[in-house]
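The number in our numbering is simply the position in the sequence shown, starting from 1, with 38 added.
C-beta: ideal position from N, C-alpha, C; glycine also.
Just so we're clear, the structure is a prediction, and the values are computed from it rather than from any experiment.
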Amino acid sequence: MVNIKEIELGSFPLLLAPMEDVSDPPFRWLCKKNGADVVYTEFISSEGLIRNASKSVQKLDIYEKERPVGIQIFGAHLDAMVQSVEIVEKTQPDFIDINYGCPVKKVVCKGAGAAILKDIPKMVSLTKEMVKRSKLPITVKTRLGWDDQSIKIIEVAERLQDVGIQAIAIHGRTRAQMYKGEANWKPIAQVKENPRMHIPVFGNGDINSPQKAKSMRDDFGLDGAMIGRGCIGNPWFFNQIKHFLSTGEYLSPPDIKERLETIKCHLQMAIEWKGAVLGVLETRRHYGNYLKGIPNIKPRRIELTKAKSYEDIIGILNIIGNDYGGQ
């Protein structure tokens, strides 16, 4: 059994990675419903939280049906990070995750995310203070290093464990790689094999098939798999992995009817969360992923992204259902 402190996650938990503009409450719930064991919020700026920025504060929204859920925060300044812990705790997540891995320029240029990999002592001291100030378990998501010449992930993981984190998720690339090339899981396995490590070590990067998840478990010996891009537009991926791990067989992919019902559910939850206008606007980015691979779907997909009301979108989805025999 894998635990984050007292939180039981199962024997090989599947975790929904924190993804900007993807892992919001509606998508998290769909992934949870379809087999995700743990879900994470989008990453939240500590500076935004302490300034009460509406976009940051709204990302704190979590619901009971999502649990266990972790709220992920990022930042480079101790005062802001410590203050944000107090704000986050009021929303009562199951744990707080620190982002030390985001490679995007707008985060790195502020000294946050993967930028902290260039200053390991700062990473350790910042983490130590957050652990001291929080009543909740603190976990970390990071990368192998800043670049190939600065990979010290075995030392980093050990030092973070020593100051009190309860789990670590490691993406198998450096910041210099961004999302290019193949993820290297060997250094993550070396972290797990370190006899001093006793907290869960989760692998992340390129888990785009049930076989990859099985390999992460059986060949690399990791405690769980954190899934990002592989589940975008495919919340069913978690159950597909679990079925393969338990039976060695593949689940049939969702048919058009199930895809359309999922889109409708996602849209409805988005509207309940953010209102009729924003709920419609923010669901648009998901249609292409949900409908990927359906022949000749582009015209209908364009219609969906231009529709301005719930009723219009449902009408288009019903037409798609009729066109493709999904109703």
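DSSP three-state label for residue i, please.
i	result
glutamate 127	helix
arginine 267	helix
proline 44	The amino acid occupying residue 44 in the given sequence is glutamate; proline does not appear at that position. The answer is coil: DSSP assigns glutamate 44 none of H, G, I, E or B.
alanine 207	strand
phenylalanine 240	strand
tyrosine 288	coil
lysine 179	strand
glycine 262	strand
valine 76	strand
leucine 329	coil
leucine 52	strand
glutamine 228	helix
arginine 297	helix
threonine 165	helix
By the 10 Å Cβ neighbour count, where 16 or more other Cβ atoms means buried, how is residue i classified, buried or exposed?
i	result
valine 142	exposed
tyrosine 101	exposed
threonine 285	exposed
glutamine 187	exposed
serine 347	exposed
alanine 314	exposed
lysine 173	exposed
asparagine 272	buried
aspartate 293	exposed
Quick one, are the C-beta atoms of residue i and residue j less than 8 Å apart?
i	j	result
alanine 370	valine 229	Residue 370 is absent from the model: the chain starts at 39 and stops at 365.
leucine 342	leucine 298	no
glycine 108	phenylalanine 133	yes
cysteine 147	phenylalanine 112	no
leucine 289	glutamine 278	yes
isoleucine 208	glycine 241	yes
lysine 190	isoleucine 158	yes
tyrosine 138	glycine 151	yes
leucine 329	arginine 322	no
proline 106	valine 126	no
Legend entry - alpha helix (DSSP H) runs contained entirely in the region 82 to 146, provided each spans 4 or more residues: The region 82 to 146 contains these whole alpha helix (DSSP H) runs: 84 to 88, 92 to 96, 116 to 127, 143 to 146.
Legend entry - the region 172 to 190 touching the region 204 to 223, judged by at least three CB pairs closer than 8 Å: The region 172 to 190 makes contact with the region 204 to 223, as at least three CB pairs between them are under 8 Å.
Inset, instruction - Count the C-beta pairs between the region 246 to 253 and the region 58 to 65 that are closer than 8 Å, then say yes if the count reaches three, no if not. - result: In short, these stretches do not touch, since the Cβ pair count stays below three.
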